[in-house]
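Only one structure is covered here, and it is reproduced in the block below.
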Amino acid sequence: MSDLRDKPDIVFDNTTSIHELESRIDKTYRQFLEFIYTNVEDFRTLLRVRDSIVLLEQMADRVHDIADIIRVLLYQ
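The opening residue of the sequence shown carries number 1 in UniProt numbering; numbering runs sequentially from there.
Given below as structure tokens:
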């Protein structure tokens, strides 16, 4: 963490990139859910695919949360 304090510009750029990626992931997630609900007829397949994509989206949210925490700690 001390190395990060010496490079606030790099931390800011990286956490901003993470935020932008997470926003794109959210948009793709919503589009994908819409696609599977309209195109997948087998209910079991739909649930398996949906559950997998939900986990990936939640993981992206956690990475975004960690980036926010790093940014807060850096600028305290």
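Ideal Cβ placement from N, Cα and C applies to all residues, glycine included.
Just so we're clear, the structure is a prediction, and the values are computed from it rather than from any experiment.
Notebook entry, point to check: Would you report the Cα separation of R5 and R48, rounded to the nearest angstrom?
Noted result: One-based indexing of the sequence shown puts residue 5 at position 5. One-based indexing of the sequence shown puts residue 48 at position 48. Going by the C-alpha atoms only, they are around 42 Å apart.
Item checked: Where Q58 falls: helix, strand or coil (DSSP) -> Along the sequence shown, read from residue 1 onward, the residue named residue 58 stands at position 58. Helix at Q58.
Next item on the list: Report the three-state DSSP secondary structure of K27 (helix, strand or coil).
Entry: On the sequence shown, position 27 is the one that residue 27 refers to. Reduced to three states, the DSSP call for K27 is helix.
Checklist line | Rounded distance between the beta-carbons of V54 and L46, thought under 8 Å | finding: In the sequence shown, residue 46 corresponds to position 46, counting from 1. In the sequence shown, residue 54 corresponds to position 54, counting from 1. About 12 Å separates the two Cβ atoms, so there is no contact after all.
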